[in-house]
Amino acid sequence: MVDANKQTFDVNSRHVMSVNFNGTSGLCDVVVSEKQSDRTFIKSMVLNQYNQLVDWLRENDHGFAMNSIRTYF
């Protein structure tokens with residue numbers, strides 16, 4: 051069964067994002083994974099913040115993004 055509320059996609063050449071649009075909480079449950087390592091970022095956030103995160107990752111396609119992601123989000 052396919053969950054229509056969950057999507058997984060490459061944000062850039064280094065990062066994969068999985069997002070579940072949670073209808074119960076109204077939040078986006080986000081997991082960002084770095085392809086070259088096992089580092090992940092997990093957070094529930096409002097839709098606007100999720101959109102900002104996607105834009106930020108598209109602009110920060112480098113190895114230091116996972117080091118600074120928690121500073122911004």
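Numbering-wise (this note's numbering), the sequence shown opens with residue 51 and increments by one. C-beta: ideal position from N, C-alpha, C; glycine also. Remember, predicted model here, so these are calculated numbers, not experimental data.
Evaluate A54 with the Cβ neighbour count: other Cβ atoms within 10 Å of its Cβ, from every protein chain shown; 16 or more gives buried, anything less gives exposed.
-> Position 4 of the sequence shown, counted from the start, is the residue given in the question as residue 54. Burial call: exposed.
Is the beta carbon of Q57 sitting closer than 8 Å to the one on V69?
-> Stepping through the sequence shown from its first residue, residue 57 is reached at position 7. Stepping through the sequence shown from its first residue, residue 69 is reached at position 19. Note that the C-beta distance between Q57 and V69 is below 8 Å.
Nonlocal neighbours in the same chain, by C-beta distance under 7 Å from R89, ignoring five residues either side | Position 39 of the sequence shown holds residue 89. Counting only residues of its own chain and dropping the five nearest sequence neighbours on each side, R89 has a CB closer than 7 Å to the CB of M116.
Unbroken alpha helix (DSSP H) runs of length 4 or more, entirely within the segment 68-121: which are they?
-> DSSP runs (the alpha helix (DSSP H)) wholly in the segment 68-121: 97-109.
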